[in-house]
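Structure record follows, encoded as structure tokens.
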Amino acid sequence: MTEDSVFIGLVSLIWIALAALYAFVPMFAMPGSAVVWGSGAAVFLVLAVIIAIAERRMPQTPKRA
Amino acid sequence: MSRDAMMRSNSISQSLRELSAGDRVLLKTLVSCALTTLVFGVVLGLITALIRTGYAGAEPQSGYRMMTGHGVTVFFYWLYFAQMALLMALSAAQSSDEARIAFAPVAWGGVLLMVLGFAASQIGTWTGSPLLYDGSPDLVGENKWQAGSFYTGYVLLALGLFLLAVSAIATAIASKVRSGQRVWSTIGFAVVAWAGLVMVSSLATLNTFLPAAAWAFGWGQEPANHSTGWHLLFHNLHYLPLMGTVIIWYALVQDLTGVGSIFGQRFSKGIFALYLIFVPPTSLYHMFLEPGLSPVLRGLGSLLSLFISVPTIAVFLVIVSSLEAHARARGARGLFGWLRMLPWREPAMAAIGMAVANLALGGIFAFVLIQERLAPLLSDTFFVPAYFHFLTIGTVTLTLLAAFTWSMPALFHRPLWAPRLLRVLPYTLTAGLAMFGVAGMTAGLNGMPRRVLDVAYDGTAPQLWTAMSPIIGIGAVIMALSLLFYVALLVGTALGAGRQQVLAAPKPFILATTESAAIRQKAWTAPLCVLVLVIGMYAATILTFALLRALPLASAAGGSH
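Protein chains in written order, with this note's numbering: chain A, 203 to 267; chain B, 689 to 1249.
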């Protein structure tokens, strides 16, 4: 994995934690928050996985510009 | 390869120039839709401003339809057609192959859905109840199918944005795989992060407007939580254009000067990732006006709202410090001597400069508004539209136009028309904006309401409102004319009005020195600007509290900001 997939993966983890906070802590309850931030977490998780897969399929010797 | 030749081969504009005809048609279509919606939205905004300030008359329903049409067209369609054009352009510029836009049919599907969305929103606006841009179901009345059309417009827009974001991400990933470079450039990474937030915002739009559309067409119950859904969506819509703005600044400054971040690629990517990390926790301040919100949550929301501008300020620090360090390494002297070395003769640079100034002003007053004690007092006043035009027009729109000025000659293979006039327009726009904004905020702080057409109240309005109205109106006229001139010159560029000039690849203005020379320089301007910004925020807050305490008013606010 490179910094690209790591950064996006990190974003998804933070969004998962925040979506859980909005879903399970009554003080933060706002209708729709958990759904919106949770679906956002899913978007970034899928993105991180796709980027990581693309990186794994590339040759191991990087060509730097 | 010489530095000059290397710059030319790596530049975004050169990369766009070499795109395949098919890819350029897609980008040109998005640019054309963006400029069309901008003209339409600006004309409606101008008429609305003239009605409000007493220079034009209209039946209430027509007036509110114009107000709705202005908000919907500019805030949703202009900003998103333009952002999608630049998102796709920046993602396509990441590789050097000729045909680069991945999933092109998906992208075309996205464009079609956005166009259909625009048509549906306009049908709803001009035939039904004026719902304003948040489309509250409370205002629908008997005009159900028209409201259904209005909501369907937003749903189609969201689907279109999602498809375009998919194509932009696929394009960036394909460029990574094809080039064999394991890591993206900073811009490549930022484009993917931006597209990700577009996708989330699309889902937030569906979350808000799909239930409303179903209800309007008689397929479901009236949505009970429309306003909460709107707050969530609106929070994304605050961040998304600003994120696009700073990505465009970063890309254009690099293209215009050759200067990249002195802090390194990884650090810059971390800063862009910060945008995404700060989105969900800072959303709490939109709930300040919700009844029954606990004091703890109000305090927490107020505290978190202070972080809302951290990523934007961080990108500003990266860009300005890098420019200053390189300029000083090239011999710039004095605190601001380095500024003279920037390519101000380039229309895009002039526009970015004014966009930064407007962001500082808008940012200062945004912090006044999002404070827990002030939000209920100001949210329904003209303070809100007065300050947010510094952000939507002065910052985001000016940046998008700067990017069009820079990229359209490459996309259309035509030289820029009247570059000297294009260089002046950011200043006239800012002058009109300053009149509109300062007079509007002054009136707002003295209670002038927003979303009201007749602010004269048959001659019973406070004298200060009457005094400020002409300044607001004149400012709006200058602002609107500047924008219309901008569009005219860009359309002229697309149609070849600048043909008498020679079309050549732009000569890159190279400010950059070696990185080792740049990082040895002291660059204090950006931190000093941030210090001035913080002092400005405190001063504006103190002034606002003092003014509001002097007014004989009671707060009974609702709605959103």
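Cβ coordinates follow ideal geometry from the N, Cα and C atoms, glycine included.
Hey, how far is the Cα of residue i from the Cα of residue j?
i	j	result
Phe877(B)	Val1044(B)	23 Å
Ser720(B)	Leu1221(B)	37 Å
Gly1184(B)	Trp1105(B)	8 Å
Val888(B)	Phe209(A)	17 Å
Gly1264(B)	Pro911(B)	Residue 1264(B) lies beyond the stretch modelled for chain B, which goes from 689 to 1249, so this question has no answer here.
Thr1093(B)	Ile1162(B)	26 Å
Arg1028(B)	Ala1200(B)	14 Å
Ala900(B)	Tyr839(B)	7 Å
Gly234(A)	Leu920(B)	8 Å
Trp907(B)	Gln834(B)	15 Å
Ser949(B)	Cys1217(B)	18 Å
Gly1132(B)	Val1072(B)	8 Å
Leu1178(B)	Leu1089(B)	9 Å
Arg1138(B)	Asp1068(B)	6 Å
Val1175(B)	Ile935(B)	22 Å
Ala1211(B)	Ser1010(B)	8 Å
Arg1237(B)	Leu988(B)	25 Å
Ile1168(B)	Leu715(B)	For the record, residue 1168(B) in the displayed sequence is Ala; it is not Ile. Cα to Cα, the separation comes out at about 25 Å.
Arg691(B)	Ser863(B)	In this prediction, Arg691(B) scores a pLDDT of 42, lower than 50, which makes its location untrustworthy; the coordinate-derived value is nonetheless stated afterwards. Each residue's alpha carbon lies about 24 Å from the other.
Ala222(A)	Gly240(A)	8 Å
Assign residue i to one of two classes, buried (16 or more other C-beta atoms within 10 Å of its C-beta) or exposed (fewer than that).
i	result
Val227(A)	exposed
His1101(B)	exposed
Ser1095(B)	buried
Val799(B)	buried
Phe955(B)	exposed
Ala1144(B)	exposed
Ala790(B)	buried
Leu707(B)	buried
Ser1250(B)	Nothing about residue 1250(B) can be read from this structure; chain B reaches only from 689 to 1249.
Met695(B)	At Met695(B) the pLDDT is 44, less than 50, meaning the model places this residue with poor confidence; the figure from the coordinates comes in the next sentence. Buried: at least 16 other Cβ atoms inside 10 Å.
Gly1128(B)	buried
Ser982(B)	exposed
Arg1033(B)	exposed
Phe806(B)	buried
Ser1248(B)	The predicted model places Ser1248(B) with a pLDDT of 48, which falls under 50 and marks its position as unreliable, so this point remains unresolved.
Phe897(B)	buried
Ala904(B)	buried
Who are the neighbours of residue i on chain B, taking C-beta pairs under 9 Å?
i	result
Ala256(A)	Ile861, Ala862, Lys864 and Val865
If we call anything under 8 Å between Cβ atoms a contact, is residue i one with residue j?
i	j	result
Val848(B)	Leu801(B)	Note on residue identity: the sequence assigns Gly, not Val, to residue 848(B). For Gly848(B) and Leu801(B), yes; Cβs fall inside 8 Å.
Thr717(B)	Arg788(B)	no
Pro999(B)	Gln771(B)	no
Leu1141(B)	Ile739(B)	yes
Ala1214(B)	Glu1060(B)	no
Leu774(B)	Ala1038(B)	no
Gly1051(B)	Ser997(B)	yes
Asn895(B)	Gly868(B)	no
Ala225(A)	Ala243(A)	no
Leu845(B)	Thr893(B)	yes
Phe976(B)	Pro1064(B)	yes
Ile700(B)	Ala883(B)	no
Phe769(B)	Ala808(B)	no
Ala1205(B)	Ala1015(B)	no
Met1136(B)	Phe1078(B)	no
Ala1074(B)	Gly1125(B)	yes
Gly1120(B)	Ile1166(B)	yes
Ala780(B)	Gly710(B)	no
Phe995(B)	Ala881(B)	no
If the cut is a Cβ gap below 8 Å, which residues of chain B does residue i touch?
i	result
Leu249(A)	Ile857, Val880 and Gly884
Which residues of chain A have a Cβ atom closer than 8 Å to the Cβ of residue i, listed in chain order?
i	result
Ser982(B)	Met229
Gly958(B)	Phe209
Pro929(B)	Ordered by position in chain A, no residue passes the 8 Å Cβ test against Pro929(B), which lies about 17 Å from the chain.
So with CB distances below 9 Å, who are the chain A contacts of residue i?
i	result
Thr916(B)	Met232, Pro233, Gly234 and Ser235
Ala746(B)	Neighbours of Ala746(B) on chain A: none; closest Cβ ~36 Å, over 9 Å.
Val854(B)	Here the premise fails: no neighbours, minimum Cβ distance about 10 Å.
Ala961(B)	Phe209, Ile210, Leu212 and Val213
Asn913(B)	Met232, Pro233 and Gly234
Along chain A, which residues have their Cβ under 7 Å away from the Cβ of residue i?
i	result
Val871(B)	Thr204, Glu205 and Asp206
Ile965(B)	Val213 and Ile216
Can you pull the chain B residues whose beta carbon is under 7 Å from the beta carbon of residue i, in chain order?
i	result
Phe226(A)	By Cβ distance, chain B contributes nothing, its closest Cβ being about 14 Å from Phe226(A), past 7 Å.
**OP:** Return the residues of the region 211 to 223 of chain A that lie within a Cβ-Cβ distance of less than 8 Å from chain B, sorted by chain order.
**Re:** Cβ contacts with chain B: Leu212, Val213, Ile216, Trp217, Leu220 and Ala221.
**OP:** Give, in chain order, every residue of the region 882 to 907 of chain B whose Cβ lies closer than 7 Å to some Cβ of chain A.
**Re:** From the region 882 to 907 of chain B, only Gly884, Met887, Val888, Leu891, Ala892 and Asn895 have a Cβ closer than 7 Å to chain A.
Original post:
Between the region 802 to 835 of chain B and chain A, which residues of the former have CB atoms less than 9 Å from a CB of the latter, in chain order?
Top reply: The residues in question: there are none.
Original post:
Using a Cβ cut-off of 7 Å, which residues of the region 770 to 800 of chain B contact any Cβ in chain A, in chain order?
Top reply: Those residues of the region 770 to 800 of chain B that come within reach of chain A (Cβ to Cβ, closer than 7 Å) do not exist; the list is empty.
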